[in-house]
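Below is one structure; the comments refer to it alone.
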Amino acid sequence: MDQDDMPLVFPRDLTGDIQLDNDPRYVGTIHDDAIARARGYKAALIPGAFVYGHISRVALQAWGEAWTRRGAMGARFRRPVYNGGRLLIRAGMLEGDAAMRRAQVSVTNEGGEEVASGWVGLPDAAPVVPDISAFAPIPRPEVPSKGDVGSLQPGMSLTTANRVLTQGDFEASLRAFGEGEPFYKREGIVHSGCAMRLAMGDAHNSFRFPSPVVLTEIETEHFAQVRPGQRLATVGQVAQVYQRKGKHYLGTEEFLLADGLLVARFRRTQIYAYDTPGP
């Protein structure tokens with residue numbers, strides 16, 4: 001990409017409707033309209049992973065295939081996003097230097113409320129790939145370790161399903177994310193939302209949590225593309241655990257491998273438990 005052309009790409013906007021698919025896993029959860037309305041929400045809640053997927057489109061439209069090879073992004077989820085809502089994703093001017101040229105992103109709903117914020121970025125050259133020789137894939141046990149308050153400690157290892165991503169899985173993910181960018185299907189490249197969600201699944205299934213896990217923040221670095229037919233495994237560890245305002249947070253560092261090659265790193269923060277109010 002010609003550096004002289006980069007400032008012309010930003011700022012930029014993207015508007016899109018966000019709609020859950022009919023995945024049976026949503027039944028009986030906060031992603032089910034009936035359950036969400038019973039709990040006081042106006043509609044089913046959209047998982048943060050799908051909001052992440054919408055933000056990633058700004059990066060793909062701006063930088064194309066280069067972003068899938070070495071791009072990066074971050075997202076923080078601030079307010080509920082409802083099924084059937086419309087999002088405005090606004091990316092500002094490019095900042096930074098050759099190490100990472102990034103644009104700040106704000107995501108608002110129809111009412112003008114900011115529901116998420118973050119950034120998208122691309123370095124001028126391929127980033128230095130981190131050394132992960134200390135990690136090896138650990139098969140997911142039949143019964144995961146306890147993940148309640150007091151049990152989780154920094155340095156605890158993540159486990160993985162270590163499975164092949166089939167063509168069917170790939171196409172199902174495009175449908176689930178409502179991914180309309182023709183690039184992914186045309187080139188046979190797995191979109192960032194799919195890769196992030198797979199690593200998240202491994203991280204969340206590494207432990208038995210006391211409450212449904214809520215994604216609050218994610219930062220991603222890409223090192224290579226992922227394609228259907230590759231075997232995907234996640235390695236990594238618990239990076240931090242902390243408590244704030246009655247909520248217990250878990251930070252994880254996840255490295256996604258495709259046929260043994262490091263393709264992405266995810267630094268993720270999620271709520272995994274809540275303080276029980278006293279009598």
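Going by my numbering, the sequence shown opens with residue 1, and the numbers climb by one from there.
Virtual Cβ for every residue (Gly too), placed ideally from N, Cα, C.
Just so we're clear, the structure is a prediction, and the values are computed from it rather than from any experiment.
- Linking R267 to T220 through their CA atoms gives a straight-line distance of about 7 Å.
- Straight-line measurement puts the Cα of A125 at about 48 Å from the Cα of R39.
- Contact between the stretch 81-96 and the stretch 109-124 is present: three or more C-beta pairs spanning the two stretches fall below 8 Å.
- Here H54 carries a helix assignment [DSSP, helix/strand/coil].
- T68 sits close to I189, with the two beta carbons spaced by under 7 Å.
- Secondary structure note for I35: its alpha helix (DSSP H) is the uninterrupted segment 33-38.
- In summary, V58 is buried, with 16 or more beta-carbon neighbours lying within 10 Å of its beta-carbon over all protein chains present.
- Counting only runs of 4 or more residues that sit fully inside the stretch 43-127, the alpha helix (DSSP H) segments are 48-63, 65-70, in chain order.
- With respect to F10, M93 sits close: the two C-beta atoms are nearer than 7 Å.
- Cβ-Cβ separation between R163 and R76: approximately 30 Å, too far for a contact (criterion under 8 Å).
- Between Q104 and the set I89, E113, P154, the nearest pair of CA atoms involves I89.
- Residue state for S151 is assigned as coil, using DSSP reduced to three classes.
- Between the C-alpha atoms of G16 and P228 there is a straight-line separation of about 26 Å.
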